[in-house]
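Visitor: One structure, pasted below without further comment.
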Amino acid sequence: IEIEQARLAMNDCTVTGNINDQIGPAGIFVAGGSLTMTNCTISDNRVDSESGAVSGGGIGIDNAEVTLTNCLVADNTAISANPATTFGGGIFVAAGGKLTLSKTEVTRNFTNGPGGGIYVDDDSTATQESGSAVTLNDPTNCAGTPVAGCVS
953 IEIEQARLAM NDCTVTGNIN DQIGPAGIFV AGGSLTMTNC TISDNRVDSE SGAVSGGGIG
1013 IDNAEVTLTN CLVADNTAIS ANPATTFGGG IFVAAGGKLT LSKTEVTRNF TNGPGGGIYV
1073 DDDSTATQES GSAVTLNDPT NCAGTPVAGC VS
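Sequential numbering of the sequence shown, starting at 953, is according to my numbering.
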(Lines of atoms letter the chains of each structure in order from A and count residues from 1; the text may use other names and numbers.)
(Lines give C-alpha, C1' and ligand atoms only; values in the text may rest on other atoms or scores of the structure.)
Protein backbone atom coordinates (compact mmCIF):
# COMPACT_ATOMS: atom_id res chain seq x y z
CA ILE A 1 0.00 0.00 0.00
CA GLU A 2 1.45 3.38 -0.99
CA ILE A 3 -0.04 6.62 0.33
CA GLU A 4 1.42 9.87 -0.99
CA GLN A 5 0.14 13.33 -0.06
CA ALA A 6 -3.19 11.85 1.06
CA ARG A 7 -5.13 10.98 4.19
CA LEU A 8 -6.31 7.43 4.75
CA ALA A 9 -8.10 5.67 7.60
CA MET A 10 -8.06 1.87 7.72
CA ASN A 11 -10.18 -0.16 10.14
CA ASP A 12 -10.27 -3.90 10.86
CA CYS A 13 -7.69 -4.68 8.19
CA THR A 14 -4.77 -7.01 7.54
CA VAL A 15 -1.66 -6.18 5.48
CA THR A 16 0.35 -9.37 5.19
CA GLY A 17 2.68 -11.40 3.03
CA ASN A 18 4.06 -8.60 0.84
CA ILE A 19 7.59 -8.85 -0.59
CA ASN A 20 9.71 -6.01 -1.97
CA ASP A 21 13.11 -6.73 -3.53
CA GLN A 22 13.96 -3.04 -3.96
CA ILE A 23 14.68 -0.57 -1.14
CA GLY A 24 11.43 -0.81 0.80
CA PRO A 25 9.11 -0.71 2.55
CA ALA A 26 7.20 -3.90 1.90
CA GLY A 27 3.81 -3.53 3.64
CA ILE A 28 2.79 0.13 3.79
CA PHE A 29 4.56 3.33 2.68
CA VAL A 30 3.23 6.72 3.79
CA ALA A 31 4.84 9.85 2.30
CA GLY A 32 3.71 13.38 3.04
CA GLY A 33 0.22 12.42 4.15
CA SER A 34 -1.40 10.69 7.09
CA LEU A 35 -2.58 7.22 7.98
CA THR A 36 -4.79 6.17 10.87
CA MET A 37 -5.14 2.44 11.45
CA THR A 38 -7.50 0.89 14.00
CA ASN A 39 -7.78 -2.83 14.84
CA CYS A 40 -5.31 -3.79 12.10
CA THR A 41 -2.52 -6.34 11.65
CA ILE A 42 0.65 -5.65 9.66
CA SER A 43 2.54 -8.94 9.51
CA ASP A 44 4.90 -11.16 7.54
CA ASN A 45 6.00 -8.44 5.11
CA ARG A 46 9.57 -8.56 3.83
CA VAL A 47 11.91 -6.12 2.10
CA ASP A 48 15.08 -7.87 0.95
CA SER A 49 17.47 -6.12 -1.40
CA GLU A 50 20.99 -6.55 -2.68
CA SER A 51 21.19 -2.82 -3.49
CA GLY A 52 21.31 -1.62 0.12
CA ALA A 53 19.42 1.31 1.71
CA VAL A 54 16.53 -0.87 2.91
CA SER A 55 13.91 0.37 5.40
CA GLY A 56 10.58 -0.57 6.92
CA GLY A 57 9.63 -4.20 6.54
CA GLY A 58 6.11 -3.52 7.82
CA ILE A 59 5.61 0.26 7.60
CA GLY A 60 7.74 3.07 6.18
CA ILE A 61 6.90 6.65 7.19
CA ASP A 62 8.44 9.58 5.28
CA ASN A 63 7.40 13.11 6.33
CA ALA A 64 3.96 11.79 7.31
CA GLU A 65 1.85 11.17 10.40
CA VAL A 66 0.81 7.62 11.30
CA THR A 67 -1.36 6.59 14.25
CA LEU A 68 -1.84 2.92 15.10
CA THR A 69 -4.60 2.10 17.60
CA ASN A 70 -5.17 -1.44 18.84
CA CYS A 71 -2.93 -2.83 16.09
CA LEU A 72 -0.33 -5.57 15.77
CA VAL A 73 2.94 -5.11 13.84
CA ALA A 74 4.60 -8.53 13.86
CA ASP A 75 7.02 -10.81 12.02
CA ASN A 76 8.12 -8.24 9.42
CA THR A 77 11.67 -8.22 8.01
CA ALA A 78 14.04 -5.68 6.46
CA ILE A 79 17.40 -7.05 5.26
CA SER A 80 20.00 -6.09 2.69
CA ALA A 81 23.56 -6.79 1.62
CA ASN A 82 24.62 -3.66 3.55
CA PRO A 83 23.43 -3.68 7.19
CA ALA A 84 24.78 -0.13 7.69
CA THR A 85 22.00 1.14 5.40
CA THR A 86 19.20 -1.14 6.63
CA PHE A 87 16.70 0.22 9.18
CA GLY A 88 13.49 -0.80 10.92
CA GLY A 89 12.32 -4.38 10.59
CA GLY A 90 8.83 -3.45 11.78
CA ILE A 91 8.57 0.33 11.33
CA PHE A 92 10.87 3.01 9.89
CA VAL A 93 10.18 6.71 10.59
CA ALA A 94 12.10 9.38 8.62
CA ALA A 95 12.12 12.93 7.21
CA GLY A 96 10.12 14.55 10.00
CA GLY A 97 7.66 11.67 10.26
CA LYS A 98 5.51 11.16 13.35
CA LEU A 99 4.39 7.80 14.71
CA THR A 100 1.91 7.30 17.54
CA LEU A 101 1.25 3.87 19.04
CA SER A 102 -1.89 3.47 21.14
CA LYS A 103 -2.70 0.04 22.58
CA THR A 104 -0.48 -1.38 19.84
CA GLU A 105 2.04 -4.22 19.92
CA VAL A 106 5.24 -4.25 17.82
CA THR A 107 6.81 -7.69 18.17
CA ARG A 108 9.04 -10.36 16.57
CA ASN A 109 10.26 -8.09 13.74
CA PHE A 110 13.80 -8.45 12.36
CA THR A 111 16.43 -6.42 10.54
CA ASN A 112 20.13 -7.02 9.92
CA GLY A 113 20.64 -3.30 10.66
CA PRO A 114 19.48 -1.24 13.67
CA GLY A 115 15.93 -1.20 15.04
CA GLY A 116 14.32 -4.59 14.70
CA GLY A 117 11.03 -3.16 15.97
CA ILE A 118 11.19 0.56 15.24
CA TYR A 119 13.89 2.82 13.81
CA VAL A 120 13.33 6.58 14.21
CA ASP A 121 15.52 8.90 12.13
CA ASP A 122 17.05 12.03 13.73
CA ASP A 123 14.37 14.54 12.70
CA SER A 124 11.38 12.27 13.39
CA THR A 125 9.39 11.22 16.46
CA ALA A 126 7.62 8.17 17.83
CA THR A 127 5.32 8.09 20.84
CA GLN A 128 4.34 4.94 22.70
CA GLU A 129 1.18 5.57 24.68
CA SER A 130 -0.11 3.54 27.62
CA GLY A 131 -1.14 0.02 26.68
CA SER A 132 1.42 -0.30 23.87
CA ALA A 133 4.43 -2.65 23.85
CA VAL A 134 7.53 -3.01 21.69
CA THR A 135 9.05 -6.39 22.56
CA LEU A 136 10.96 -9.41 21.24
CA ASN A 137 12.34 -7.62 18.16
CA ASP A 138 15.80 -8.44 16.79
CA PRO A 139 18.43 -7.00 17.11
CA THR A 140 16.80 -4.28 19.27
CA ASN A 141 13.27 -3.10 19.97
CA CYS A 142 13.97 0.55 19.12
CA ALA A 143 16.93 2.41 17.61
CA GLY A 144 17.78 5.89 16.39
CA THR A 145 15.99 8.73 18.17
CA PRO A 146 14.77 7.37 21.54
CA VAL A 147 11.15 6.26 21.88
CA ALA A 148 9.88 6.91 25.42
CA GLY A 149 9.00 3.64 27.15
CA CYS A 150 10.77 1.48 24.59
CA VAL A 151 13.46 -0.75 26.04
CA SER A 152 16.16 -1.33 23.45
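Beta carbons: idealized from backbone N, C-alpha and C, even for Gly.
Taking the continuous beta strand (DSSP E) assigned at Ile980, which residues delimit it?
Guide: Locating residue 980 in the sequence shown gives position 28, counting from the first residue. It spans Ile980 to Ala983 - the beta strand (DSSP E) in which Ile980 sits, taken as one unbroken run.
Visitor: Use the C-beta contact count for Thr1063: other C-beta atoms within 10 angstroms, 16 or more gives buried, fewer gives exposed.
Guide: As a first step, residue 1063 is located in the sequence shown; it is residue number 111 there, counting from the start. Flag for Thr1063 reads buried.
Visitor: Starting from the Cα of Ala1100, find the closest Cα among Asn1089, Ser1084 and Pro1091 and give me that residue.
Guide: Counting from 1 along the sequence shown, the entry for residue 1100 is found at position 148. That would be Ser1084, whose Cα lies nearest to the Cα of Ala1100.
Visitor: Could I get the ranges of all uninterrupted beta strand (DSSP E) runs contained in the stretch 994-1021, with 3 residues as the minimum, in chain order?
Guide: For the stretch 994-1021, whole beta strand (DSSP E) runs of length 3 or above, ordered along the chain, are 998-1001, 1011-1014 and 1017-1021.
Visitor: Which word fits Thr1038, buried or exposed, when buried means at least 16 other C-beta atoms lie within 10 angstroms of its C-beta?
Guide: Here residue 1038 is taken as the residue at index 86 of the sequence shown, counted from 1. With 16 or more other Cβ atoms within 10 Å, it is buried.
Visitor: Take Thr1097 as the anchor and find which of Val1045, Glu954 and Asp964 has the nearest alpha-carbon.
Guide: To locate residue 1097, count along the sequence shown from 1; it is residue 145. The candidate whose alpha carbon is nearest that of Thr1097 is Val1045.
Visitor: Going by the beta-carbon positions, is the gap between Leu1053 and Glu1081 smaller than 8 Å?
Guide: Residue 1053 sits at position 101 when you count from the first residue of the sequence shown. Residue 1081 sits at position 129 when you count from the first residue of the sequence shown. For Leu1053 and Glu1081, yes; Cβs fall inside 8 Å.
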